[in-house]
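Accompanying notes for the structure given below.
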Amino acid sequence: MNETIRVVDRIFCDACCNQYLAGRSSPETNLERQVDPTICVNCRSDNGTAELPKLAGAPVCGTCEAFFRNRPFPAWIKLAFAAVLALVAVSLIWNQRFFQAYAASRASFASLARGDIEVASAQMSAAAKHVPECVDLQAMATYFEGVALLRGDRCAEALAKLVQCKGRLPEELGLETLVVQARCGATFDAKDYDGFLAAAQVLEQKLATHFMGKATVASAWACKYAQTGDPSTRQNALSYLEQAKQMTPDDPEWKEYENRILHRLHSREILTRAEFAQRFPNGWSEQKQE
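Throughout, our numbering is defined as the position within the sequence shown, counted from one, plus 16.
Below, the structure written as structure tokens:
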């Protein structure tokens with residue numbers, strides 16, 4: 017017992033304090049419980065008149081201080097800690113695929129920002145494979161694949177992929193415009209020039225401020241002229257060609273596109289971009305052909 021009670025200026029143990037208070041006619045309220053600094057709170061050993069060092073504000077002897085400071089964990093705590101570590105390890109392994117998916121998707125957007133759509137598509141597909149239950153990643157992977165196919169002039173395949181993404185992606189990705197562009201290319205490749213013209217006219221509305229909208233309509237009319245020989249279709253092609261030129265007189269992409277349309281109107285021969293580049297690596301001019 018190392019606790020005492022101070023009553024005003026007198027010190028008592030619990031028993032003596034009770035006797036003292038019982039003999040008083042008026043209750044005493046000025047009581048203060050104190051700890052004897054010479055007695056260990058744990059083993060109760062008495063250190064005589066010398067005060068013991070304190071641990072957490074309580075006096076303890078050297079033996080008890082060493083016990084408290086180096087107290088071993090109970091076996092159940094060690095087992096529980098081992099179980100927690102095992103759960104953490106299993107969780108990390110289980111969730112590793114989510115970390116991999118996140119890293120792959122981040123890398124994909126970085127590749128897209130650099131203009132490397134093929135690499136971006138492969139990385140997004142890898143991200144989607146890590147978490148096949150994530151429908152948003154699946155949609156993004158399909159979208160990227162469609163854009164990569166469109167870039168490679170595989171328009172029918174691109175159209176099939178992009179159509180799958182309808183209603184699954186934010187409008188900011190421009191899916192509707194890409195679908196129309198893919199449809200233009202797919203109908204051109206299929207030699208469906210009526211379908212090409214219809215799709216081109218839709219694209220013109222979507223690209224109202226970009227030369228490619230009117231240039232695509234010019235290309236479709238040029239195909240109609242090459243197919244039918246109708247002079248009105250040729251005039252329509254030239255009219256749209258001039259409107260597109262007014263929108264972008266110096267764009268290199270426009271120059272190549274215009275060159276192909278003029279060749280089509282002159283020769284009534286319809287060449288793909290790859291065929292035209294192979295036959296006329298330095299461009300075509302009416303004077304050279306003559």
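Backbone N, C-alpha and C define an ideal beta-carbon position, used for all residues, glycine too.
Item, Value
"Where does residue 284 fall in DSSP's three states?", "coil"
"Run the CB neighbour count on residue 59, radius 10 Å, all protein chains shown included, and call it buried at 16 or more, exposed below.", "exposed"
"Check the DSSP bridge columns for residue 55 and list the partner residues they point to.", "62"
"Considering residue 146, what are the terminal residues of the alpha helix (DSSP H) in which it resides?", "133-146"
"On the three-state DSSP scale, how would you describe residue 74?", "strand"
"Name the DSSP bridge partner or partners of residue 199?", "None; residue 199 has no bridge partner."
"Is it right to say residue 306 is buried, meaning 16 or more other beta carbons lie within 10 angstroms of its own, or is it exposed?", "Low local confidence applies: a pLDDT of 49 at residue 306 is under 50, so the model's placement there is unreliable, and no value is given."
"Any contact between the segment 255-270 and the segment 290-302? By contact I mean 3 or more CB pairs, one from each, below 8 angstroms.", "no"
"From residue 255 to residue 234, what does the alpha carbon distance come to, in whole angstroms?", "8 angstroms"
"State the start and end residues of the unbroken alpha helix (DSSP H) segment that holds residue 227.", "227-244"
"Find the nearest neighbour of residue 200 within the set 299, 288 and 31, judged by alpha-carbon distance.", "288"
"Just verifying my parser: in three-state terms, what is the DSSP assignment at residue 122?", "helix"
"How many whole angstroms separate the CB atoms of residue 239 and residue 276, which I take to be in contact at a CB cut-off of 8 angstroms?", "Between residue 276 and residue 239 the Cβ distance is about 11 angstroms, and since that is not below 8 angstroms, they are no contact."
"Starting from the Cα of residue 218, find the closest Cα among 130, 242 and 232 and give me that residue.", "232"
"Suppose you measure from the CA of residue 123 to the CA of residue 164; what does that come to, to the nearest Å?", "16 angstroms"
"For the alpha helix (DSSP H) containing residue 67, list its first residue and its last residue.", "No alpha helix (DSSP H) contains residue 67, which DSSP labels as neither H nor E."
"Counting along the chain, where does the alpha helix (DSSP H) carrying residue 173 start and finish?", "171-180"
"Comparing alpha-carbon positions, which option in 115, 130, 195 and 167 lies nearest residue 144?", "115"
"Quick check: the segment 173-183 against the segment 193-210, are at least 3 beta-carbon pairs closer than 8 angstroms?", "yes"
"Do residue 160 and residue 136 have their CB atoms nearer than 8 angstroms?", "yes"
"Would you decide whether residue 99 is buried or exposed? Buried here means 16 or more other CB atoms lie within 10 Å of its CB.", "exposed"
"So what's residue 130 in DSSP terms, helix, strand or just coil?", "coil"
"Specify the secondary structure class of residue 306 as computed by DSSP and reduced to three states.", "With a pLDDT of 49 at residue 306, under the threshold of 50, the modelled position of that residue is not reliable, and the figure given next carries that caveat. Residue state, collapsed to three classes: coil."
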